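What follows is a set of notes on a single structure, which appears directly below.
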Amino acid sequence: MAEESRPAFAAERRERILELVRANGSMSLRDIAAKVRASEVTVRRDVRAMEAEGLLDRRRGGAALPGRIGHEQSYTGKSGQCAAEKAAIATTAARLVRPGDAVTIGPGSTAEAFARALLGHGDLTVVTNSLRVADVLAGAAGVEVMMTGGTLHAPMRALVGAAAEASLTGLRVNRAFLSGNGVSADRGLSTPNPAVAGVDRALSACAEETIVLADHTKVGADTMVPTVAPEEIAHLVTDSSADPEVLMTLEEAGALVHVAVVADARGQ
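Its first residue numbered 1, the sequence shown is counted upward by one per residue in UniProt numbering.
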């Protein structure tokens, strides 16, 4: 019997898998397999068994904690996750911005990283409902920042509600940059919170094209409220740990996929 299939090893491995998913909220099978030093086939079997026990929920290409389809993690909780991946995604996405552009940027830690990547661009107008994005770009040379109105949604550090959506009515920008909590070929971009979703839709609706920024933990995941339909996603910027099969389905749905290279611990 292979070592990875023995009951004792399986129990230890599944305990480790549960620890990893609890720490990250959700993970791809590829990442789990690398962490526990087992094949993806073995991890998929483990996740299936753990789902039957109610410990995990299976997602396309990954696993998440039960009930997370409607769960909204705190901003602080998200900001420390996949930091290197988010920085790489931000740098790659910033190359899609042209001098003289007007863009909308949604809330989230990936969007905040994207805002940092825009420092030094200049000749840019940014419309956002994110307090963090506005703070990063405040005072940046050549960048004009416009904030929506609205009610503060503290977990996302974002302005939401009817006033936020109304403030975007009639605006026209070149590109919208949104992150969300999941993106799939079946449902497009999604988020757990209906109020956040309403403003995300408005940010996308006033743009000529929508660009989704999503690290590998979000690729293939679905959350409660859809915001941008699959066919409306012009570009998806992700990292090299995203499931290739899921990326292929998103390309087939019409998205141009950009895979960011993540620097290793030595900065290479």
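Even glycine gets a Cβ: it sits at the ideal position worked out from N, Cα and C. Bear in mind that the values here come from a model prediction, so they are computed numbers and not experimental data.
Can Arg45 and Ser241 be called in contact, C-beta distance under 8 Å?
As a first step, residue 45 is located in the sequence shown; it is residue number 45 there, counting from the start. As a first step, residue 241 is located in the sequence shown; it is residue number 241 there, counting from the start. No, these two residues do not count as a Cβ contact at 8 Å.
C-alpha distance - residue 273 paired with Ala255, whole-angstrom precision
The question about residue 273 has no answer, for the chain in this structure spans 1 to 268.
Where are the alpha helix (DSSP H) runs, 4 residues long or more, that stay fully inside the stretch 159-207, in chain order?
Listed in chain order, they are 162-166 and 194-205.
Report the partner residues of Ile105 according to the DSSP bridge assignment.
Within the sequence shown, the letter at position 105 stands for residue 105. Per DSSP, Thr128 and Phe177.
Cβ-Cβ distance between Gly161 and Ala195 below 8 Å
Residue 161 sits at position 161 when you count from the first residue of the sequence shown. Residue 195 sits at position 195 when you count from the first residue of the sequence shown. It is a contact, given that the beta carbons lie within the stated cut-off.
Which of helix, strand or coil does DSSP assign to Leu152?
Here the question's residue 152 lines up with position 152 in the sequence shown. Residue state, collapsed to three classes: strand.
Distance between beta carbons of Leu137 and Gly126, contact taken as under 8 Å:
Locating residue 126 in the sequence shown gives position 126, counting from the first residue. Locating residue 137 in the sequence shown gives position 137, counting from the first residue. Note that residue 126 is Val in the sequence shown here, rather than Gly. The C-beta distance from Val126 to Leu137 rounds to 6 Å, short enough to fall under 8 Å.
Bounding residues of the alpha helix (DSSP H) (the contiguous stretch that carries Arg30)
Stepping through the sequence shown from its first residue, residue 30 is reached at position 30. Note, Arg30: alpha helix (DSSP H), Leu29 to Val36.
Measuring straight from C-alpha to C-alpha, what distance separates Ala117 and Gly188?
As a first step, residue 117 must be located in the sequence shown, where it is residue number 117. As a first step, residue 188 must be located in the sequence shown, where it is residue number 188. The straight-line gap from Cα to Cα measures roughly 25 Å.
Of all the options Leu178, Asp239, Ala111 and Ala185, which has the alpha carbon lying nearest to the alpha carbon of Glu209?
As a first step, residue 209 is located in the sequence shown; it is residue number 209 there, counting from the start. The shortest C-alpha separation from Glu209 is found at Leu178.
Tell me whether Met224 sits in a helix, a strand or coil according to DSSP, three-state version.
Along the sequence shown, read from residue 1 onward, the residue named residue 224 stands at position 224. Reduced to three states, the DSSP call for Met224 is coil.
Please report the distance separating the alpha-carbon of Val173 from that of Ala49.
Start at 1 with the first residue of the sequence shown, and residue 173 comes out as number 173. Start at 1 with the first residue of the sequence shown, and residue 49 comes out as number 49. Going from the Cα of Val173 to the Cα of Ala49 covers about 47 Å.
Same chain only: Cβ atoms within 8 Å of Glu112, ignoring 5 sequence neighbours per side
On the sequence shown, position 112 is the one that residue 112 refers to. Result list for Glu112: Ser79, Ser130, Arg132, Val133 and Val136, in chain order.
Looking at the secondary structure, which residues open and close the alpha helix (DSSP H) in which Ala64 lies?
Against the sequence shown, residue 64 aligns to sequence position 64. Looking at the DSSP string, Ala64 is not in any alpha helix (DSSP H); the run it does join, the beta strand (DSSP E), is Gly62 to Ala64.
Using the DSSP secondary-structure output, state which residues sit across from Arg58 in a beta bridge.
Position 58 of the sequence shown, counted from the first residue, corresponds to residue 58. Per DSSP, Ala63.
What first and last residue would you give for the beta strand (DSSP E) that runs through Glu144?
Here residue 144 refers to the residue found at position 144 when the sequence shown is read from its first residue. Counting along the chain, the beta strand (DSSP E) containing Glu144 begins and ends at Val143 to Met147.
Thr249 - DSSP class collapsed to helix/strand/coil
Indexing the sequence shown from 1 puts residue 249 at position 249. Here Thr249 sits in helix by DSSP.
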